[in-house]
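These notes concern the structure reproduced below.
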């Protein structure tokens, strides 16, 4: 039987460019179907696979898909990361530095969980203190962004820059990813020649350099462990060049970008006082920083439901390693393939009332795990998912224990509609008001 050709949805227009990626994939699916070749103004097609059968195929045959692009004129996320971080450790003359880094990371593995937990506890305690100090209203985006950097940077770098500056720098890094991705197939300028590259690279180098300058004997950080293995007579610039790839990659794996995972969960808490009260009741007498997820099933379900509606990876790009046959359609080797948690996790075929935020749906096991993949699929992805979910759950429980947040009357409702940069973000400020919880949970303390 001859394989069918994937039907085409023509999105090669300024109109579709202005709609944005999320609306374009929604339109392609609605007008053509679950398997569709979306032709864009970038000059290439994206084969959208947007049903659970395609996700199951991906999950069962991961070797058929590449993360790295085989196309010369397309920069994947892995390509953009390599450009931003540099390839110093891949050069033959730096083989000794690469080996030293691997040695240090093997030591870090044994102690990382303790460092990460300590940073998360301090960041969450600080978040609750900031909420308690709110007079009037505060932008929820700012609180979550600063919480996210406090929860990770100290364990990786130690004492570096103020949280506000770190959060602003991460925004610049994300802007670089977004600009390069948007320029694929359109702009001939090399990514490293873009002004956004200069800003993002300067931020990373400033963080690494500041951490080196403030390094003290006995520091318990990733950077300290690696720096101890590097030649002590190396210059500061050499060390930055050797450290940047590893430090940047750890940020990519561990950072909850701009705290958006927590932001969307807290936003729905602010819009649902009954759910907020129920979570506060569940937290009575429970340590929000150290309790296991199954000790607070409603809070845990709230996080999972938030990640259903606002997946960290709304769209996941892969490339066909070989010619594929998916649901009877022929997909040529090298094709750009698009999986869409944004669509599958909001699909009425798999979810009852899919547009409604209902945490209770996660109080029982999913009928089909392939309907839920907010971080993508694969062993490394699942490790990141568990780390991010623990971070978000810890902060959500702490806030539920101690504060009642609600949307400020002047909150622009248009701000609440998500748009896609490198992650799902609100469209503008989201001011919230804060009141103390009348049934406050355990006092936050850190070791």
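Numbering (the working numbering), first residue to last: -13 to 433. Note that beta-carbon positions come from the ideal geometry of N, C-alpha and C, so glycine has one too.
- The stretch 404 to 411 makes contact with the stretch 241 to 258: 3 or more CB pairs, one atom from each, lie closer than 8 Å.
- Counting C-beta pairs closer than 8 Å gives fewer than three between the stretch 12 to 21 and the stretch 41 to 56, which falls short of the contact rule.
- If you look at residue 389, you'll find it in the beta strand (DSSP E) that goes 389 to 393.
- Secondary-structure assignment with DSSP links residue 311 through a beta bridge to 316.
- By the Cβ neighbour-count rule, residue 354 is exposed, with fewer than 16 other Cβ atoms within 10 Å of its own.
- Collapsing the DSSP output to three states places residue 46 in a helix.
- If the five residues before and after residue 200 are omitted, its C-beta is found closer than 6 Å to the C-beta atoms of 145, all from its own chain and listed in chain order.
- Under the three-state reduction of DSSP output, residue 170 falls in the coil class, being neither helix nor strand.
- In the structure shown, residue 111 falls within a helical segment according to DSSP collapsed to helix, strand and coil.
- Only residues of its own chain outside the window of five on either side were considered, and among them 51 and 323 have a CB closer than 6 Å to the CB of residue 304, listed in chain order.
- In the three-state scheme derived from DSSP, where H, G and I count as helix and E and B as strand, residue 341 is classed as coil.
- Straight-line measurement puts the Cα of residue 118 at about 43 Å from the Cα of residue 3.
- In the DSSP assignment, residue 363 falls outside any alpha helix (DSSP H) and carries neither an H nor an E.
- For residue 261 and residue 335, the gap between their C-alpha atoms comes out near 26 Å.
- As a beta-bridge residue in DSSP terms, residue 421 pairs with 390.
- One Cα belongs to residue 359, the other to residue 301, and the distance between them is close to 11 Å.
- If you check the CB distance, residue 116 and residue 126 do not come in under 8 Å.
- For residue 107, the number of other beta carbons within 10 angstroms of its own is at least 16, and it is reported as buried.
- Residue 34 and residue 340 have their C-alpha atoms some 20 Å from each other.
- Runs of the beta strand (DSSP E) lying entirely within the stretch -11 to 67, each at least 3 residues long, are -6 to -3, 21 to 26 and 31 to 35 in chain order.
- For residue 383, the three-state secondary structure derived from DSSP is helix.
- Contact between residue 371 and residue 110 does not hold, since the beta-carbon distance rounds to 19 Å and is not under 8 Å.
- Under the three-state reduction of DSSP output, residue 129 falls in the helix class.
- If the five residues before and after residue 352 are omitted, its C-beta is found closer than 8 Å to the C-beta atoms of 358, all from its own chain and listed in chain order.
- Taking a cut-off of 8 Å for Cβ pairs, the stretch 264 to 272 and the stretch 161 to 178 do not touch, as fewer than three such pairs fall below it.
- No residue range can be given for residue 278, since it is assigned to no beta strand (DSSP E) and is classified by DSSP as neither H nor E.
- Among the bridge pairs identified by DSSP, residue 243 is matched with none.
- Taking C-beta atoms as the reference points, residue 386 and residue 345 fail to come closer than 8 Å.
- If you compare the alpha carbons of 113, 209 and 72 with that of residue 388, the shortest gap goes to 113.
- The beta-carbon distance between residue 227 and residue 362, rounded to whole angstroms, is 30 Å. This is too long to meet the 8 Å contact definition.
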